[in-house]
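See structure below.
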Amino acid sequence: MTRPERLLTVEEMCLHIDTYRGTVRAVDGVTFHVDQGESVGIVGESGSGKSMTALSLMRFTPLAGRFTAGSAMFQGRDLLKLSEREMRKIRGKDISMVFQDPMTFLNPLIRIGDQIGEVLVEHEGLSRRAAFNRAVEVLRQVRIPSPEDVAAQYPHQLSGGMRQRALIAMAIIGAPSLLIADEPTTALDVTVQAQIIELLRGVKEKHGLSLLMITHDLGIVAHVCDRVYVVYAGRIMEEAGVFEVFETPRHPYTTALLSSITYDEESGDGIGYIEGTVPSLIDPPEGCRFHTRCPAAMPVCRRLQPPRTRVSETQSVYCWLYEEAQDE
Amino acid sequence: MPIFLRAYSENPSAVAGAVLVFALVAASILAPLLTEFAPKELGGAPLQPPGAGHLMGTDDLGRDLWAQFLYGGRASVIVGLVAAAISTVIGVSLGAISGYFGGWVDDVVQRMTEMFSIVPRYFFAIVTVAILGASLINVICVIGLLSWPPMTKLVRAEFATLRSRSFVDAAKMGGEGPMFIIFNEILPNALPPIVVQTILTISAAVLMEATLSFLGLGDPNLISWGLMLNKAQQFLTLAPWMAIFPGLAISLFILGLNLMGDGFNQALNPRLRLEARK
Amino acid sequence: MSGSFVSRLSYILRRLAQVAPMILAVVTINFLLINLAPGDPATLMAGDFADLETIERLREEFGLNEPLHVQFSSYVWKVLNFDLGYSYQFRAPVLDIVLARLPNTLILLFFSFILSMILGILLAAVSARRPNRAFDNTASSIAMLGYCLPMFWLGMMLILIFSSTLRWFPTGGMYSLRAPSEGWPRMLDIGRHLVLPALAYAAYFLAMAYRLTRAKLIEILREDYIRTARMKGLSDWSVIFRHALRNALVPVIAVMGLDFGVMIGGAVVVETVFSWPGVGRLMYESILSRDYPLLLGIFVIVSFGIILVNLIADLICAMIDPRIAYG
Chain F
75 MTRPERLLTV
85 EEMCLHIDTY
95 RGTVRAVDGV
105 TFHVDQGESV
115 GIVGESGSGK
125 SMTALSLMRF
135 TPLAGRFTAG
145 SAMFQGRDLL
155 KLSEREMRKI
165 RGKDISMVFQ
175 DPMTFLNPLI
185 RIGDQIGEVL
195 VEHEGLSRRA
205 AFNRAVEVLR
215 QVRIPSPEDV
225 AAQYPHQLSG
235 GMRQRALIAM
245 AIIGAPSLLI
255 ADEPTTALDV
265 TVQAQIIELL
275 RGVKEKHGLS
285 LLMITHDLGI
295 VAHVCDRVYV
305 VYAGRIMEEA
315 GVFEVFETPR
325 HPYTTALLSS
335 ITYDEESGDG
345 IGYIEGTVPS
355 LIDPPEGCRF
365 HTRCPAAMPV
375 CRRLQPPRTR
385 VSETQSVYCW
395 LYEEAQDE
Chain A
695 MPIFLRAYSE
705 NPSAVAGAVL
715 VFALVAASIL
725 APLLTEFAPK
735 ELGGAPLQPP
745 GAGHLMGTDD
755 LGRDLWAQFL
765 YGGRASVIVG
775 LVAAAISTVI
785 GVSLGAISGY
795 FGGWVDDVVQ
805 RMTEMFSIVP
815 RYFFAIVTVA
825 ILGASLINVI
835 CVIGLLSWPP
845 MTKLVRAEFA
855 TLRSRSFVDA
865 AKMGGEGPMF
875 IIFNEILPNA
885 LPPIVVQTIL
895 TISAAVLMEA
905 TLSFLGLGDP
915 NLISWGLMLN
925 KAQQFLTLAP
935 WMAIFPGLAI
945 SLFILGLNLM
955 GDGFNQALNP
965 RLRLEARK
Chain W
740 MSGSFVSRLS
750 YILRRLAQVA
760 PMILAVVTIN
770 FLLINLAPGD
780 PATLMAGDFA
790 DLETIERLRE
800 EFGLNEPLHV
810 QFSSYVWKVL
820 NFDLGYSYQF
830 RAPVLDIVLA
840 RLPNTLILLF
850 FSFILSMILG
860 ILLAAVSARR
870 PNRAFDNTAS
880 SIAMLGYCLP
890 MFWLGMMLIL
900 IFSSTLRWFP
910 TGGMYSLRAP
920 SEGWPRMLDI
930 GRHLVLPALA
940 YAAYFLAMAY
950 RLTRAKLIEI
960 LREDYIRTAR
970 MKGLSDWSVI
980 FRHALRNALV
990 PVIAVMGLDF
1000 GVMIGGAVVV
1010 ETVFSWPGVG
1020 RLMYESILSR
1030 DYPLLLGIFV
1040 IVSFGIILVN
1050 LIADLICAMI
1060 DPRIAYG
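Residue numbers (my numbering), protein chains in the order written: chain F, 75 to 402; chain A, 695 to 972; chain W, 740 to 1066.
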């Protein structure tokens, strides 16, 4: 098997946001990569910095945010260092994004077709008319019934699932090589969720693009992703192939995360949560970020940040438990 | 409240606004102490430019303009306060009733408010005062009766959201009547925006009083800044000081009130405060 | 498409139906004013210019011996037939006098309105792109001043500076004494007279348009769909002008429409200060000469005008925002 080409390589990316209460280390030394045609999941609880990681790649960071270290190489360019003008040429064209809540992410006063077509007006200089027609085609691809009518409608006339399809159409019309989906189903009904996930998978296969899926839902990961990064408090805890995550989770946090969903299904004593809360990102714990909640914490975890330890071809873990094992 | 005061005092333009307003109000109250002249006292040489004897010069009849400037503030302050009080009482009661009870009461009040906000306020005031007579009472009543719709809209919105809060339910289950709930439970929580709106109402009332007086529709027996400007019109090129000072007073008074309103708003609304500093 | 057309049409009809009670309300207010005034309506309507005979004739014409509701319905009937009474000062029907002066006011209103809307919205867009920076702070402070200076005083100060002292513009009026009577020279002459009153008038509109639009834009730029627009690779300006402004415009137009009554009130003082021969100046003259039929007639016409402006504002809003007609 030939190794697929790297599309995105993020190394030691740090995003610090200055606020009046202190500096928030929203993303703190995150390293990951996405290959061509691959679909990668970033999983974590809310407040773990997974969304901020995605937004950083689009450079949708708060005004007070700054990249203190690291790089994000995409097609030979460092996304973190591009000018706003260069970044604009990438957005919608090379990297695009599907957001959480389809109810609020569409402009209520612009026809669906015009909103979708605008990408082509901006990047390919198409006329509004031509862009609208292309938008109808893409709406058909995302399996919207009678796309001609829907394109001429306004967002308030569409259901949530339809709107999310429209947003996906908007994200793929520019034929990007990377599609970032930030919790694309959280705001939808359960039945619609499955359809959207199926659609994202289909779109990815058909257009041969890479998918970066930001989610807290391990079920989605199991359905869509080839590889997974587990993040916690702005740092990556473990990376693994999708089967390894479920079969042989190594990091205590991953284990905890997995057990939180299995317990959920058993409805019995139902301890569907991890003891403690996600630590403040203003003043994060020293050493391993998870040691405050970790059942297997050792003295070294409190002092030093664990290095990356490879446990297999595709699985690595940032945990002192495995570092020792390897040393011996 | 101490937090509010600190937030307010940290905002320089809000402090400047309060200083302006208090200075002008104090000057109008303490007028007899600040000048030896009476505002209608004849005797000086007419149209004297500002100088040592007459700080702001004299008007066409030789009356001291500094004295008029000080005493003239009283009309603005009285009309502003009383008219704003009238419209606040009307606005708050109508808004509270309409927001709290909803249903047909709400419909009626809303139609009325719409009607009143469409009426061209200045034209209505001019016509009414011109026909019913230009007296202080009429001016105050007309301004007061015309200025309540924004307050009603605001209070209605506040009440509509607050009435479904749990503390209101608790009071209802405790057997309290609607009047008690409106005044003791909801109103205190809706107070901050009401205070801000009242300050803005005062500023609108001051401007309207000045406008009416400028058109010769103020109380003819009462010296006011608007009336001074009315007189100053004929002598604009001859004695510009007659126009400059009273107009400056009106502008600064209104500016001060608006700065205070903005300052209150920012101090009471943490989100706005944060953005203002960013 | 056809569905939204039907809902828009029914919205327009519903909105038109609301106009009738408003017109009735204005007429009622007018009738009440006439009857609340000291003395009887006939003497009031005759003003200082009619002789006893006329007053007697007016008494009969008003049917003052009739019950009040009969008087009221005949008054309503008259107004609806554009009979706004007779000015004994000008010896002409009120409607004719007002219509003769109306174009002059509309010229003033139009220029200051266009100037301030365009400039106000542009400045607001620049401010909202980077709030609380140097440009925004400067513009917002100036707008605060423009919002607080009384129009009549600003007008007087403009005359003092640009007319008396610098002699760039005439002090007032609409035409020069030996004005060219036609063509471009005449337009130019009117234009020179128009500058100062339009400025005095526009300052408030401008401040208002700026403040409203800026506040709305800043609020809207935080909306999620703005992030979607930026995701497409649009520049800040495209985001503001193609996405945010459209959404901000609806509340701005609605509020401007509602405040139009206050704005048009400024016409009285500005036209008075600059002796601009419009309806506002006419109103001032009618106050001075206690020409009540004229005063009340102007009030009715202006009120109708405001109802019309609000109707137009609402229809524009419904055109921009499809949800208004839909809901």
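Virtual Cβ for every residue (Gly too), placed ideally from N, Cα, C.
Note that the structure is a prediction, hence the values are computed from the model and not measured.
- At least one CB atom of chain W sits nearer than 8 Å to the CB of Leu183 of chain F.
- At a Cβ-Cβ threshold of 8 Å, Val172 of chain F and Ala255 of chain F count as neighbours.
- Residue range Ala873 to Cys887 is occupied by the alpha helix (DSSP H) that includes Thr877 of chain W.
- When secondary structure is reduced to three states using DSSP, His90 of chain F falls in the strand class.
- Per DSSP, the unbroken alpha helix (DSSP H) holding Asp963 of chain W starts and ends at Asp963 to Met970.
- Here Arg382 of chain F carries a coil assignment [DSSP, helix/strand/coil].
- Taking a C-beta distance under 8 Å as the contact criterion, Gly187 of chain F and Ala209 of chain F qualify as a contact pair.
- Take the alpha-carbon of Tyr765 of chain A and the one of Ile917 of chain A: they are about 7 Å apart.
- By the beta-carbon neighbour count (other beta carbons within 10 angstroms, threshold 16), Tyr827 of chain W is buried.
- Minimum Cα-Cα distance from Gly1036 of chain W among the listed residues W:Asp822, W:Ser920, W:Ser974 and W:Ser903 corresponds to W:Asp822.
- DSSP places Ser145 of chain F outside any alpha helix (DSSP H); the residue lies instead in the beta strand (DSSP E), whose first and last residues are Gly139 to Phe148.
- In the DSSP assignment, Ile876 of chain A falls outside any beta strand (DSSP E) and carries neither an H nor an E.
- Judged by their CB atoms, Gly711 of chain A and Leu953 of chain A are nearer to each other than the 8 Å cut-off.
- A Cβ-Cβ distance of about 19 Å is found for the pair Leu945 of chain W and Gly1019 of chain W, leaving them out of contact under the 8 Å criterion.
- Residue contact check for Leu973 of chain W against chain F: a CB pair falls below 8 Å.
- The C-beta separation of Ile938 of chain A from Ser897 of chain A comes to about 21 Å, leaving the pair out of contact by the 8 Å criterion.
- Counted as a single uninterrupted DSSP element, the alpha helix (DSSP H) harbouring Ser707 of chain A occupies residues Pro706 to Ile723.
- Per the DSSP secondary-structure output, Asp758 of chain A pairs in a beta bridge with A:Thr752.
- By the Cβ neighbour-count rule, Arg237 of chain F is buried, with 16 or more other Cβ atoms within 10 Å of its own.
- For Glu962 of chain W, the closest Cβ of chain F is nearer than 8 Å.
- Straight-line measurement puts the Cα of Gly1017 of chain W at about 20 Å from the Cα of Glu921 of chain W.
- Neighbourhood of Ser170 of chain F in chain W, by CB distance below 7 Å: Met970, in chain order.
- Apart from sequence neighbours up to five positions away, the residues of its chain that approach Val277 of chain F with a beta-carbon distance below 8 Å are Gln215, Val216, Ile242, Ile246, Leu253 and Leu283, ordered along the chain.
- The segment 752-761 of chain W makes no contact with the segment 1023-1035 of chain W, as fewer than three CB pairs between them are under 8 Å.
- Around the C-beta of Asn878 of chain A, fewer than 16 other C-beta atoms lie within 10 Å, and the residue is accordingly described as exposed.
- Residue environment analysis places Leu183 of chain F among the buried positions, since at least 16 neighbouring C-beta atoms fall within 10 angstroms of its C-beta.
- Under the 8 Å criterion on CB atoms, Lys163 of chain F is classed as interfacial with respect to chain W.
- For the segment 1037-1062 of chain W, residues whose beta-carbon sits nearer than 7 Å to a beta-carbon of chain F comprise Ile1059, Asp1060, Pro1061 and Arg1062.
- As summarised for the segment 229-292 of chain F, the continuous beta strand (DSSP E) elements at least 3 residues long and confined to that stretch are 252-256 and 284-289, given in chain order.
- A Cβ of chain A is located within less than 8 Å of the beta carbon of Leu1035 of chain W.
- With a cut-off of 8 Å on Cβ pairs, the segment 296-315 of chain F is in contact with the segment 111-119 of chain F, counting three or more such pairs.
- Boundaries of the alpha helix (DSSP H) harbouring Arg805 of chain A: Gly797 to Ile812, taken from the DSSP string.
- For Thr351 of chain F, no beta strand (DSSP E) run applies, since DSSP gives it neither H nor E.
- In the same chain as Pro914 of chain A, and ignoring 5 residues on each side of it, no C-beta atom comes closer than 6 Å to its own.
- Contact annotation for Asn871 of chain W against chain F: no contact, minimum CB-CB distance about 10 Å [criterion: below 9 Å].
- Listed by position along chain W, the residues whose Cβ is nearer than 8 Å to that of Thr178 of chain F are Glu962, Asp963 and Tyr964.
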